[in-house]
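Residue numbers (the UniProt record's numbering): 1 to 588.
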């Protein structure tokens, strides 16, 4: 994450920057009074954010950011936050949609526009914040979660109950919290941030029309909470990719052929039948009582209407009207619906059920049975899945000499040794057996190298593959501001480069393409690695012999493995810095 240099001795100039794109769609947050009531106003960066010190570091240089919209190249004015508690600045620009909308007017076309804007700018920013009205915010968050697959960066939706221009407003806290999280943490999900809380977007629902605590996630704990001590991320809940694939966007949701119907006491079969016979209807979300119950009607007439629609190929999904809990065929009325072919939606919110069904109906070549099967499976964490975690560490896999280390450090150190040795079996053993296995993939050593950084220069591509399919991110950068892909290219590890690119990795904007891997994938000469490093910016790449002299092997008593890839020309380890290294980035 790039370092900004400018004249003067401001110590904050040495802190790294993250880059976040704010996508403004409209909503209360940007509204101002008019003769017709509150209406969205343009110029949000200049009018709302620039005057506020928490959004605008006065010592920052003027920088314009490049962005794209509908294939057209744009230049955006940007601002930078003061240094955060995580020792970094967040530089951001705002891309405003035209026209700005009240969220009650958003449709699937608006969702497509948001998703494609993120896709166009994916390689140029560390995270994305979408400003949106609250009325349909949970619907948009759910829709985007299904439209965007193999996401590797945070996408955070937020808004406010009162305009940012109002004296009493929640807008500043919601926007600043979203901005800091998006620019600091690699949380590869579509999230919703409101009232100091980060939720999984497709588990949320709006619970208040006026309270600042307007959203809740009834059946899923928050992903993070903002407190006076900082951001407390629940890493065990964060979803991780389970396949090697690049970020993709599904451009279309079939909302035009899906309906939602709420069951009420005394509802007549004819009412449901009239909905089910809407021309070209393909799916229905049925909001039922309690755990999935609905009246059968006289002589089962209501159930008969539902079954006839299912026999015609209409997908009907059963979700509960209750805020908490799930649908289950525990009672006879629910069991009857299941026998008729109704799909149990478990603990899906109505918003998630509607957008998920619209997403599946839009996918080409899916059969009826495939759609109904996927509606009962978690695709993006939208429903609760039962899992049996392992909490015991395999005996004998950790060196007894390091028993004094904290458990997480011990496991991470052992993982590093296994990666260095290309020991796939031990890597699997550690990740499957350690109680910290979720967190291990996100940990970094004191120079910022994650397990993926280490595996990128390691001897065994199968180890890198194992980390990636377990959900390790390819996007973090170490303290020298380098991605795993850059390191793999630098070492000429062709197979690792290929794997990383297949997983959606890309070079950061300050990283040059290495000459060690040609376009054809052949290895270039690596006999003079020192001369290759010398061609790079000497602020980030040091002389190999200098690294060897100062760093040497990592101290065994500290539990770190020996530095064996010094040819990378980056500051891999050692608390003693080389001459002139004061400008190295300090990245969390």
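Note that CB positions come from ideal geometry on N, CA and C, so glycine has one too.
Taking residue i as part of the alpha helix (DSSP H), name the residues at either end of that continuous run.
i	result
residue 469	461-469
residue 174	171-184
residue 511	Counting along the chain, residue 511 falls outside any alpha helix (DSSP H), and DSSP gives it neither H nor E.
residue 83	Looking at the DSSP string, residue 83 is not in any alpha helix (DSSP H), and its letter there is neither H nor E.
residue 118	108-120
residue 446	Careful: residue 446 lies outside any alpha helix (DSSP H) and carries neither H nor E.
residue 499	494-502
residue 252	Careful: residue 252 lies outside any alpha helix (DSSP H) and carries neither H nor E.
residue 272	269-276
Could you give the distance in angstroms between the alpha-carbon of residue i and the alpha-carbon of residue j?
i	j	result
residue 353	residue 317	8 Å
residue 300	residue 92	59 Å
residue 263	residue 489	59 Å
residue 336	residue 281	23 Å
residue 389	residue 432	Its pLDDT being 44, under 50, residue 389 is placed unreliably in this model, and the value from its coordinates should be taken loosely. When rounded, the distance between both Cα atoms is 9 Å.
residue 20	residue 472	21 Å
residue 419	residue 150	24 Å
residue 412	residue 450	10 Å
residue 417	residue 80	39 Å
residue 95	residue 39	18 Å
residue 125	residue 18	8 Å
residue 510	residue 371	44 Å
residue 312	residue 279	12 Å
residue 229	residue 83	15 Å
residue 145	residue 195	21 Å
residue 492	residue 486	10 Å
residue 597	residue 426	In the structure as shown, the chain begins at 1 and stops at 588. Residue 597 is therefore absent and cannot be evaluated.
residue 379	residue 241	11 Å
residue 340	residue 101	41 Å
residue 161	residue 131	12 Å
residue 14	residue 448	16 Å
residue 385	residue 338	20 Å
residue 423	residue 465	13 Å
residue 377	residue 165	43 Å
residue 563	residue 210	Low confidence applies to residue 563: its pLDDT is 36, below 50, so where it sits in the model is not reliable enough to give any reading.
residue 153	residue 35	41 Å
residue 494	residue 122	24 Å
residue 306	residue 365	25 Å
residue 107	residue 482	40 Å
residue 85	residue 206	30 Å
residue 219	residue 383	8 Å
residue 114	residue 97	9 Å
residue 246	residue 274	43 Å
Within 10 angstroms of its Cβ, does residue i collect 16 or more other Cβ (buried), or is it exposed?
i	result
residue 179	buried
residue 53	exposed
residue 551	Model confidence at residue 551 stands at a pLDDT of 28, short of 50, so the residue's coordinates are unreliable; what they give is reported in the following sentence. Buried, since its Cβ has 16 or more Cβ neighbours within 10 Å.
residue 596	The requested residue 596 does not occur in the structure, where the chain is confined to residues 1 to 588.
residue 400	Since pLDDT at residue 400 reaches only 46, below the 50 mark, its modelled position is unreliable, and no value is offered.
residue 109	exposed
residue 188	buried
residue 591	Past the edges of the chain, shown from 1 to 588, lies residue 591, and the structure says nothing about it.
residue 256	exposed
residue 66	exposed
residue 270	exposed
residue 105	exposed
Check whether the Cβ of residue i lies closer than 6 Å to any heavy atom of the ligand GTP, and answer yes or no.
i	result
residue 483	The model on display carries no ligand, and the ligand GTP is accordingly not part of it.
Round the Cβ separation of residue i and residue j to the nearest angstrom and send it over; I've been treating them as touching at under 8 Å.
i	j	result
residue 28	residue 163	6 Å
residue 322	residue 290	6 Å
residue 444	residue 484	That pair is no contact at about 12 Å.
residue 225	residue 216	Contact flag wrong, Cβ pair sits at about 14 Å.
residue 43	residue 127	Residue 43 to residue 127, Cβ: 23 Å. No contact.
residue 375	residue 250	About 16 Å separates the two Cβ atoms, so there is no contact after all.
residue 157	residue 116	Actually they do not touch by this definition, with Cβ atoms about 16 Å apart.
residue 292	residue 320	6 Å
residue 650	residue 430	Since the first residue shown for the chain is 1 and the last is 588, residue 650 is missing from the structure and cannot be characterised.
residue 168	residue 469	Rounded, the Cβ-Cβ distance is 48 Å, inconsistent with contact.
May I ask which residues mark the beginning and end of the beta strand (DSSP E) holding residue i?
i	result
residue 200	197-200
residue 100	89-101
residue 293	Per DSSP, residue 293 belongs to no beta strand (DSSP E) and is neither H nor E.
residue 19	17-26
residue 68	64-69
residue 193	190-194
residue 225	224-227
For residue i, would you say it is in contact with chain C, using Cβ-to-Cβ distances shorter than 7 Å as the test?
i	result
residue 254	Of the protein chains in the structure, only one exists, and it is not chain C.
Checklist entry - Counting pairs of beta carbons, one from the region 343-356 and one from the region 280-294, are three or more of them closer than 8 Å? => result yes
Exercise. Looking at C-beta atoms only, is the number of pairs between the region 128-144 and the region 55-72 that lie closer than 8 Å three or more?
Worked result: no
contact_flag[the region 190-204, the region 358-370] where n(CB pairs < 8 Å) is 3 or more:
no
Decide yes or no for the touch test of the region 464-480 against the region 501-509: beta carbon pairs closer than 8 Å, at least 3 of them. yes
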